[in-house]
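Protein chains in written order, with the working numbering: chain A, 45 to 174; chain B, 28 to 135. From the three backbone atoms N, C-alpha and C, an ideal C-beta is built for every residue, glycine too. A quick note: this is a predicted structure, and the numbers were derived from the prediction, not measured. Data block below; observations after.
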Amino acid sequence: MSDATSMKTPMKRVRGLGSAKTGTDHFWTQRLTAAATMLLALALVVVLASTVGKDAVAARAVLAQPLVAVLLLLFILSGVAHMRIGMQVIIEDYVHEEGAKVIALGLNTFFSAIIAVVCLFAVLKLSFGG
Amino acid sequence: MVMSIVHRITGAALYFGTVILAVWLMTAATSASSFAFVHGFLGSWLGQLILVGYSWALLHHMFGGIRHFVWDTGRGFGAHERHLFAVLTLVGSVLSTGLIWVVVYSVR
């Protein structure tokens, strides 16, 4: 809607943030998780890649180190939050049929939640044992 | 334009590739024999090819994301800057992927 035809002033639009009342939280979360995921990935990528070619026992020992485990937990939380929003943007851009869009958005959330919980559970179990 | 769609493609590849991380971590935590199989596959030539590709996608997406951070400040929208971003993203992602795997193989 152009300003010429709208009854709303620019200030009204800024304060109201549109009819949904929110609008910038995904934008901001995507920037924060991008920065966090980038720093964590740079810290983890060499550690994780260095387990390639090691035997399984040595690889598990690396994953159970406290610093590696904490970085992994942060990486999983940040990365999954980031990828869920990113996939939502892709779905909203390309899937226009309402039913398919709702289903795709739901599956996106399910997939993200499953990946997050499986990874978090596994890292915690590797550290705490049992 | 092309870099924008590659940013989405690498993002989507990273998204589905998290299944590899989840399976790797879960088998490591729960089953020695399953983990030996999964870890062994990732150590094979095919597995390492997938991991090199995955790390490249991650780094390409990272450089594309840094480009977005610059754009967020309102700068870098000119034709020359956008071309420079594209070159830096491509060269940077390939060089940094190579560097990581050289480091990995040399510290092993």
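8 Å Cβ cutoff, residue i in contact with chain B
i: A/G130; result: yes
i: A/V90; result: yes
i: A/A85; result: yes
i: A/A78; result: yes
i: A/L107; result: yes
i: A/A157; result: no
i: A/K169; result: yes
i: A/M45; result: With a pLDDT of 47 at A/M45, under the threshold of 50, the predicted position of this residue should be treated as unreliable, though the coordinate-derived value follows. By this cut-off, A/M45 is not an interface position.
i: A/I134; result: yes
Distance, residue j Cα to residue i Cα
i: B/G74; j: B/F68; result: 6 Å
i: B/W83; j: A/I147; result: 31 Å
i: A/T95; j: A/G173; result: 20 Å
i: B/G38; j: A/A79; result: 15 Å
i: A/A85; j: A/A144; result: 33 Å
i: B/F104; j: B/M89; result: 19 Å
i: A/A171; j: A/V91; result: In the sequence as presented, Ala is not what sits at residue 171 of chain A; that position holds Ser. So the alpha carbons of these two residues sit roughly 16 Å apart.
i: B/V129; j: A/L151; result: 38 Å
i: B/R135; j: B/H34; result: 32 Å
i: B/L86; j: A/M51; result: 46 Å
i: B/I77; j: B/S71; result: 10 Å
i: B/V79; j: B/V131; result: 11 Å
i: B/M53; j: A/M55; result: 51 Å
i: A/W72; j: B/V114; result: 27 Å
i: A/I120; j: A/L76; result: 14 Å
i: B/L111; j: A/L83; result: 24 Å
i: A/L107; j: A/E142; result: 43 Å
i: B/I32; j: B/S61; result: 36 Å
i: B/G92; j: B/V121; result: 16 Å
i: B/R109; j: B/L126; result: 25 Å
i: A/L168; j: B/R102; result: 42 Å
i: A/M45; j: A/T153; result: In this prediction, A/M45 has a pLDDT of 47, which is less than 50 and means its spatial position is unreliable; nothing more can be read from the coordinates.
Inter-residue CB distance, residue i and residue j (contact presumed, cutoff 8 Å)
i: A/T81; j: A/H126; result: 5 Å
i: A/S156; j: A/V124; result: 5 Å
i: A/C163; j: B/L41; result: Going by Cβ atoms, the distance from A/C163 to B/L41 rounds to 14 Å, so no, they are not a contact pair.
i: B/M30; j: B/T124; result: Rounded, the Cβ-Cβ distance is 17 Å, inconsistent with contact.
i: B/Y81; j: B/G119; result: At roughly 17 Å, the Cβ-Cβ gap does not stay under 8 Å, so B/Y81 and B/G119 are not in contact.
i: B/A56; j: A/A166; result: 4 Å
i: A/I135; j: A/L149; result: 6 Å
Where residue i meets chain C, residues with beta-carbon distance less than 7 Å
i: A/V139; result: This model lacks chain C altogether; the protein chains it does include are A and B.
Member of the options whose CA lies at the smallest distance from the CA of residue i
i: B/A59; options: A/E141, A/R104 and A/A160; result: A/R104
i: A/V133; options: A/I158, A/Q74, A/A87 and A/V161; result: A/Q74
i: A/A87; options: A/L117, A/V161, A/C163 and A/I158; result: A/L117
i: A/D69; options: A/I120, A/I129 and A/L107; result: A/I129
i: A/S122; options: A/I159, A/V139, A/K169 and A/L168; result: A/I159
i: A/A100; options: B/V97, B/H95, B/W98 and B/F64; result: B/F64
Interface flag, residue i vs chain A, CB-CB below 8 Å
i: B/M53; result: yes
i: B/L115; result: no
i: B/T45; result: yes
i: B/G80; result: no
i: B/V29; result: no
Quick check on the DSSP output: what are the complete alpha helix (DSSP H) runs of length 4 or more inside the region 56–117 of chain A, in order along the chain? 69–93 and 100–108
Unbroken stretches of the beta strand (DSSP E), 3 residues or longer, contained in the region 30–68 of chain B: none
Alpha helix (DSSP H) runs wholly inside the region 98–134 of chain B, at least 4 long, in chain order: 106–134
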